[in-house]
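Counting from 1, position 6 in the sequence shown corresponds to residue 512 in the working numbering; the numbering is continuous, with no gaps. Notes follow the structure.
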Amino acid sequence: YERVTSAAGESEWRLRRGVSGFRLPTEAEWERACRWGTTTAFHCSDDESFLTDYARISSATTLPAGSLLPNGGGLYDMHGNVMEWCEPTEPSADGEYPLRGGAFLTGPADSEVGFSQRFPGDDRYDLAGFRVVLDQGEPDR
Numbered sequence: 507y508e509r510v511t512s513a514a515g516e517s518e519w520r521l522r523r524g525v526s527g528f529r530l531p532t533e534a535e536w537e538r539a540c541r542w543g544t545t546t547a548f549h550c551s552d553d554e555s556f557l558t559d560y561a562r563i564s565s566a567t568t569l570p571a572g573s574l575l576p577n578g579g580g581l582y583d584m585h586g587n588v589m590e591w592c593e594p595t596e597p598s599a600d601g602e603y604p605l606r607g608g609a610f611l612t613g614p615a616d617s618e619v620g621f622s623q624r625f626p627g628d629d630r631y632d633l634a635g636f637r638v639v640l641d642q643g644e645p646d647r
């Protein structure tokens, strides 16, 4: 990723593919990392009441990253806070990318492990962020 600042002083991050082996996770990689061996709707339970300890959802603002409990693999904020961009399994003709994990403004249904929505990849969203993976070969699809 590189930080780009416009003439108006706005800054953004842009993906520079292949740089140092870092990339967006595929949806399959994101889901496997979130589940960490579980098969429930949320990595912690099927019961959304458990999300209070793990996810920032149905709220007006985000929390600092890592403020709540991690999943079984030690990964924080897999549900809520901000949705996470993923690499699409198939290239999208309309330039849309999948977002996973739900966000601070969304409810429990949008935060379920299997839930995915798509947005244009060239737009900015206050609800979206990213995590990267270190590429060690062919990505899981």
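Yeah, the Cβ is synthetic: ideal placement off N, Cα and C, and Gly gets one too.
Just to confirm, is the Cβ distance from G586 to R562 under 8 Å?
Contact flag set, yes.
When burial is assigned at 16 or more other CB atoms within 10 Å of the CB, is E596 buried or exposed?
By the neighbour-count rule (16 or more Cβ atoms within 10 Å), E596 is not buried but exposed.
C-alpha distance - Q642 paired with L574, whole-angstrom precision
Looking at the two C-alpha atoms, the distance is approximately 29 Å.
If you count every other CB in all the chains shown that lies within 10 Å of the CB of T558, and 16 or more means buried, which is it?
For T558, the number of other beta carbons within 10 angstroms of its own is below 16, and it is reported as exposed.
Could you give the C-beta distance for G572 and E590, rounded to a whole number, given that I count them as a contact under 8 Å?
Incorrect: roughly 15 Å between the Cβ atoms, too far for contact.
Got a sec? Which residues, its chain only, sit under 6 Å from A547 by beta carbon, not counting five neighbours each side?
Only residues of its own chain outside the window of five on either side were considered, and among them E618 have a CB closer than 6 Å to the CB of A547, listed in chain order.
In this structure, does DSSP put F557 in helix, strand or coil?
Inspection of the sequence shows that residue 557 is occupied by Leu rather than by Phe. Per DSSP, reduced to three states, the secondary structure at L557 is helical.
From which residue to which residue does the alpha helix (DSSP H) around P614 run?
Element bounds for P614: 614 to 617.
Please confirm whether A539 and L581 have their CB atoms less than 8 Å apart.
Yes, the pair counts as a contact, with Cβ atoms nearer than the cut-off.
Quick one: what's V639 bridged to in DSSP?
For V639, the beta-bridge partners assigned by DSSP are R529.
Cβ separation of C592 and L633, assumed to be a contact under 8 Å, to the nearest whole Å
Between L633 and C592 the Cβ distance is about 14 Å, and since that is not below 8 Å, they are no contact.
Report the three-state DSSP secondary structure of R630 (helix, strand or coil).
Correct three-state label for R630: coil.
Is it right to say L640 is buried, meaning 16 or more other beta carbons lie within 10 angstroms of its own, or is it exposed?
Here L640 is exposed. Its C-beta has fewer than 16 other C-beta atoms within 10 Å.
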